Every structure is written in structure tokens, then in C-alpha cells.
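Mapping the sequence shown onto UniProt numbering, position 159 (from 1) lands on 159, and the numbers just tick up by one.
Below: the structure, in C-alpha cells.
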Amino acid sequence: MKITSAEFVMSNSDVAKCPNEPLPEYAFIGRSNVGKSSLINMLVGRKSLAKTSGRPGKTQLINHFKINQNWFLVDLPGYGYARVSKKEKKVFQKYITEYFEKRKQLVCSFVLVDIRHEPQPIDMEFMEWLGVNGVSFAIIFTKADKLKPGAIRNYVDTYIQQLLETAWEEAPPYFVTSSANRTGKDELLDYIDSINKA
Ligand code: GTP
Ligand code: MG
């Protein structure tokens, strides 16, 4: 799929105030600093449509970006470590949870995992929580430019194996990406396109 238009629509902290158009949407979630906002920019081919930072905790609201006039990408705050106060973090957590529980337009969420880090309990727990709440998701392994191809394969195999040995009977769909060199762009956009057309 080709991206012909991408526009920022709104940011807010209230799920009830998100755009009320009945268009499918895809949300990016994962630990702070994993590369959610960078990946959105890479997918749409824009340097700073979504705001990014080396400092964890940059994205603090639910951000809707309208793509090709007929679907949305949603950038969310990260969970886990973020350089913000405990009180602020609690507020994010509340509306992230509400977003996943209440947002009818959400058709698939992408859980981003930094390919350099050991599998993290917080990601595993979040995926389990999505499963319990009936939210379909795919995993995106980010920052693939940081590893050699053999190491990427090992990491992904081990990660999926661990999912199968713990919570899951079937592996979720997964993608390997790098926003630095655009790895995974076509695969991810084709995946979204296939869901949009289903
Ligand atoms: P929060 O909004 O704080 O939750 O973070 P985020 O998940 O949106 O991460 P963001 O996109 O802001 O990126 C965090 C840092 O990782 C920035 O310094 C990015 O330049 C860097 N980064 C993101 N994607 C990649 C990637 O594919 N490769 C490399 N090498 N660095 C990346
Ligand atoms: Mg962000």
C-alpha cells in the first residue's frame, strides 16, 4: 500500500473525545523509548509527523493521524520506564487502559519490543492483558539496525518460543523493523492493507 496522505488530527487524554468517525485504526504501544513515534514517521515517510525524543516519556497523549483519508494510526504514550513523575505515569496508564478497553474503531494494535533487550515481563503481561480483553495484536521488533541478521533471527526465534512456552498456543503475527533504515515498511503497510480490505 502506498501512503498518499498523512495528517495529524488531534491529541487528547480522553478516549470519549477521540475522532468519532467510523474508520479502522491501528495503535502503537510498548515501553517508553521503544520507537513507536519513530515507526509511525517511517511508515508515512515524514520526519516529524509524530514527535520523537531520546528521552523516554515523550509521547504523553493519544495522538490520531489520518492516513489516506480512510484509516488512522494512533501513537500512544509508552508504559514502563519514562522520565515523568509517578503521578503523571498513573494518569497515562489510566487512559491507555481505557483506550484499549473502549475504543471500538481499534482493529489491531502493535506491541513494540526493542530487539536489543531481553524479553521483558511488562511486555509479556501487557500482551496477556490484550488477549484477555480480546484485542488483537501483532508484535513489532524495533531497532533491527542495531543487530546483525543472524542475531535478529536468534532473538526473534527465542522470543516467539518463549511466548509459546508461557501464555500462548499460537504465535501472534510479528514484524522486524528499523526506522533508521526503513526495514519492514512494506510488510507492515501490506499487513494493515490486508486488514483494511478484509
Ligand atoms: P515515548 O514516546 O517516550 O514512549 O517513546 P517512543 O516509543 O515513541 O520512541 P521514539 O520514537 O521517540 O524513539 C526513541 C529513541 O529511539 C529516539 O532517540 C529514536 O531516534 C530512537 N529510535 C527509534 N527507532 C529507531 C530505530 O529503528 N533504530 C535506531 N537506531 N534508533 C531508533
Ligand atoms: Mg512516542
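Where is the CB? At the ideal position from N, CA and C, for every residue including glycine.
Values in this document were obtained by computation on a predicted structure and should not be read as measured data.
(1) Any heavy atom of the ligand GTP within a distance shorter than 6 Å of the CB on Ala180?
(2) Among the candidates Ser5, Asn12 and Asp14, whose CA atom is the shortest distance from the CA of Val44?
(3) Residues in its own chain within less than 8 Å of Ile192 by CB, not counting five upstream and five downstream?
(4) For His117, tell me which candidate among Asn133, Ala144 and Thr97 has the shortest Cα-Cα distance.
(5) Just the Cα atoms here: how many angstroms apart are Ile115 and Asp186?
(6) Have a look at Arg182 and Ile40 and give me their C-alpha separation to the nearest angstrom.
(7) Around the Cβ of Arg31, are there at least 16 other Cβ atoms within 10 angstroms (buried) or fewer (exposed)?
(8) Here's a check: name, in chain order, each residue in its chain whose Cβ is nearer than 6 Å to the Cβ of Gly131, leaving out the five neighbours to either side.
(9) Using CA coordinates, which residue listed in Lys197, Ile29, Val113 and Ser53 is at the minimum distance from Pro77?
(10) Taking the C-alpha atoms as reference points, what is the distance between Val176 and Gly184?
(11) Can you determine whether any heavy atom of the ligand GTP sits closer than 6 Å to the C-beta of Asn33, and answer yes or no?
(12) Does Asn33 come out as helix, strand or coil in the three-state DSSP assignment?
(13) Could you check the C-alpha separation between Phe8 and Lys36 for me, to the nearest Å?
(14) By DSSP, does Asp145 sit in helix, in strand, or in coil?
Put simply:
(1) yes
(2) Ser5
(3) Met1, Tyr26, Trp71 and Cys108
(4) Ala144
(5) 19 Å
(6) 11 Å
(7) buried
(8) none
(9) Ile29
(10) 6 Å
(11) yes
(12) coil
(13) 15 Å
(14) helix
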